[in-house]
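Worksheet: one structure, shown below.
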Amino acid sequence: GLERGAKNQFSTFSSFISSINQKKEGIGNRNSPTRLVIPSIKNVRDLPPICLDVRQKQRISIDTLPPEVKAPIPPEPSFPIRTKTVQDFQDDVEKAKSSGDWKAVHNFYSTTFDSFLEINAAFKKDTSSPFNTIEDSGIDANFVNVVYDALLNTPQDVQKSVLKGIINGLLQEWKGPRTKDDLRAYCILLQNPQFSNTSTYVIYAHLLRQIAALTEADHHFLVHWSKKITQKRFKQLVDRLLQFISLRLFPAKPEEFPPMVKCTWWIPAATKVLSLFNASNSLISPPIISYTDFYNSTLDHIDLMEEYHNWQCYGNSHRFSFCQYPFIISIAAKKVIIQRDSEQQMISFARQSLVDKVSRRQKPDMNMLFLNVKVRRTHLVSDSLDELARKRADLKKKLKVTFVGEAGLDMGGLTKEWFLLLIRQIFHPDYGMFTYHKDSHCHWFSSFKCDNYSEFRLVGALMGLAVYNSITLDIRFPPCCYKKLLSPPIVPCDHNTLVGICDVTLDDLFQIMPELAHGLSELLSYEGNVEEDFYSTFQVFQEEFGVIKSYNLKPNGDKIPVTNQNRKEYVQLYVDFLLNKSIYKQFAAFYYGFHSVCASYALLLLRPEEVEILVCGSPELDMSALQRSTQYEGYQKSDLTIRYFWDVVLGFSLDLQKKLLHFATGSDRVPVGGMADLNFKISKSETSTNWLPVAHTCFNQLCLPPYKSKKELKQKLIIGISNAEGFGLE
């Protein structure tokens, strides 16, 4: 593999420019706006080194010189006066289009992009104001957008002048730390649409390199300023960076770029800059774009395990790995990493069991290579609990389930049936472990105190086994649960360390108890006197087995009234009590159960939303993809009944499509790999057409009688999927 993080070998900037120019020689049509050519520049100097340590050492050595040797500090540069407005610029462009004379437009572009100083003179809202805060970048975003929107429709010599100016700006000497005006220039240059063209990638790479090398404080400003970029342009910036990384990894025309060994810093620099936009996106609720928009599917085709092992060995040191920036790795790629990591752990544990057996001179048994769970259907929960507790050392082996008194071999169907039956029983309201909230359609942990929390550990272990064995579960936990499950993602060595505690907000409570959350929200916005009108204290009440119990949210909370001044604190403490403190023991057992199976550094790569998808699957349905991957038994794809079936299903509402999927597979969600991973099968049922369809959820199989008409098929199918509950009808 290539060490993309190494920065000690690369061509000079001038050699990059000259090599590109040689390839472009002889291309005519200067005024064509459709093709970009890098300008020829004489006496181009190499960029200064980006190593922060080197720059720091140079500054320190200068500071230690005696005063008479030091060079005088240059005065702050004064901005040139630029009075052109958006309207003036648009008028110039319109005149140029009608007359063919682009001189005024050419002069504007060549002057504006000639240096960082000129960029600020043109696009800074007020050149006399410093704009040194994270709240306001001081950039006239509208003017920048208009100038860039017009750029790609200008003649080629105009576009070349912009690139030449950018090169001049990047080559200027660095004297001390970057100013806010420099940061503004970087922010503006990043938005240049010319960088979507591969012919500009050498310049783009050096721009990214300089931005990546800025100090953490400078990055902080860029992150906050980027929040103000519109969604459309923010997405374009992210897509441009992702495309740059993809084409550097797998170039369509390798001769367009310098050899990889001479520019190993391209991808690390681009990924670092992309991480700034990811940080910016995470600061806003709701985010500017979805976290999935940062996925680079190209990475699905590289050696992910090498990336993972490099990251494990070198951490976040100088050696680059995409695992240092997990936001760029797709959930499908992360699943591959987790699966292979799980397989390696399974093989390791199985091998160790074999070695132990041989060393004791005992006859090897194939069963020792698996986690064998034997349960009685009549004692499903207690038997499962006993088996998993007794075989805790085998949890990382491949799971095989046997139902006592039944001769079936587990080829995957029995395992899925065990999960399905166990989850259904544990989450039943009568069982008392979880409370189902109808408003939010999700389960939450019961706060009732008990002597033994081992059953919560069992549920956690079940979830871990499901991820470990690639089984999708029909569980409805709110997103907050998965956030707590990764707090922290690696089990702490000190057992006194709190686990499953995370920062929670009113938004988290809305996803579980929307009515209560709405009431607390009303309290926060109430304009009257809170103390007199609500008459509440920092105390909450909960019913446990018919007895009302009170809990103080803070010491002496029953004596502290809730007022207009402290109501925010009251709401925060109330939410924290409901989602963290009142269920701590239950969730801690659940946390340890999950991590007893899934303990892996690969969990550090996951977002809470991604853990949910791994456990429960994705909610996004694509029935056309399901149609393409469906297998048939007793039917042909061209049979009339099958054609009727797909005509009906593709015409269903989303709600009915989800019901069909739940009816046939036991879950209305899709595995990470998509519909193809369901291995969905339609079998011909030789029963009367008066019968309803039947499903074998353990095998994702739908048994369909040969209905004679589309109307009959639709009617029977809707009755079946709308009224089925478990293994019978409601």
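In this text, residue positions in the sequence shown follow the UniProt record's numbering: the first is 1, and each later residue adds one. Every residue gets a Cβ at the ideal spot worked out from N, C-alpha and C, and that includes glycine.
GLN210 and GLN701 have their C-alpha atoms some 56 angstroms from each other. Exposed is the label assigned to ASP91, since fewer than 16 other Cβ atoms lie within 10 Å of its Cβ. The three-state reading of DSSP puts GLU543 in strand, counting E and B together.
In this structure, TYR635 and ILE682 form a Cβ contact; the two beta carbons are roughly 6 angstroms apart against a cut-off of 8 angstroms. Annotated three-state conformation of GLN631 is strand, per DSSP. Just so you know, the alpha carbons of ILE139 and ARG240 end up roughly 21 angstroms apart. For the 7 angstroms CB-CB criterion, LEU170 and HIS206 form a contact. Within the stretch 203 to 288, the complete alpha helix (DSSP H) segments of 4 residues or longer fall at 216 to 226, 231 to 249 and 266 to 282, listed in chain order.
Listed in chain order, the beta strand (DSSP E) runs fully inside the stretch 85 to 169 amount to none, counting runs of at least 3 residues.
Contact annotation: ALA121 and ARG184 have beta-carbon atoms that are not nearer than 7 angstroms. In its chain, beyond the 5 residues on either side, LYS484, SER487, ASN580 and TYR584 have a beta carbon closer than 8 angstroms to the beta carbon of ILE501.
Here DSSP, grouped into helix, strand and coil, assigns PHE327 to helix. For the options PHE123, LYS708 and ASP439, the alpha carbon positioned closest to that of THR85 is the one of PHE123. LEU702 has ILE682 and ALA695 as its beta-bridge partners, per DSSP. SER330 sits close to TYR295, with the two beta carbons spaced by under 7 angstroms. Beta-bridge partners assigned by DSSP to ILE548: GLU543. At a Cβ-Cβ threshold of 7 angstroms, GLN542 and PHE445 do not count as neighbours.
Burial is judged here by how many other beta carbons sit within 10 angstroms of a residue's own beta carbon; MET305 has fewer than 16 and is exposed.
Collapsing the DSSP output to three states places HIS443 in a strand. Nearest Cα to LYS438 within the set GLN715, PRO514 and THR402: PRO514. Within the DSSP bridge table, the entry for ASN723 names no partner. The beta carbons of ASP114 and GLY165 sit closer together than 7 angstroms. The secondary-structure analysis by DSSP pairs HIS437 across a beta bridge with CYS442. Taken through DSSP and simplified to helix, strand or coil, LYS400 comes out as strand.
Approximately 31 angstroms separates the beta-carbon atoms of LEU458 and SER550; this is outside 8 angstroms, ruling out the contact. Taking 7 angstroms as the cut-off, the Cβ atoms of LEU208 and ALA270 count as close.
Around GLY673, the same chain offers ALA332 and LYS335 as residues with beta carbons nearer than 8 angstroms, after the five sequence neighbours per side are excluded. If you compare the alpha carbons of SER667, ILE642, LYS235 and ILE548 with that of ARG628, the shortest gap goes to ILE642.
Minimum Cα-Cα distance from ARG392 among the listed residues TYR592, VAL694, THR435 and VAL162 corresponds to TYR592.
Taking C-beta separations shorter than 8 angstroms and ignoring five residues to either side along the sequence, the partners of GLN172 in its chain run SER115 and PHE116, following chain order. Scanning PRO479, LEU640, VAL147 and LEU606 for the CA closest to the CA of GLN511 turns up PRO479. Residue environment for ARG361: exposed (fewer than 16 other C-beta atoms within 10 angstroms of its C-beta). With a cut-off of 8 angstroms on Cβ pairs, the stretch 683 to 690 is in contact with the stretch 699 to 713, counting three or more such pairs. Along the stretch 492 to 562, the alpha helix (DSSP H) occurs as fully enclosed runs of 4 or more residues at 506 to 510, 514 to 525 and 530 to 534, listed in sequence order.
Here TYR204 is buried, its C-beta having at least 16 other C-beta atoms within 10 Å. Exclusion of the five residues before and after VAL273 leaves LEU190, LEU208, ILE211, ALA212 and LEU241 as the residues of its chain whose Cβ lies within less than 8 angstroms of its Cβ.
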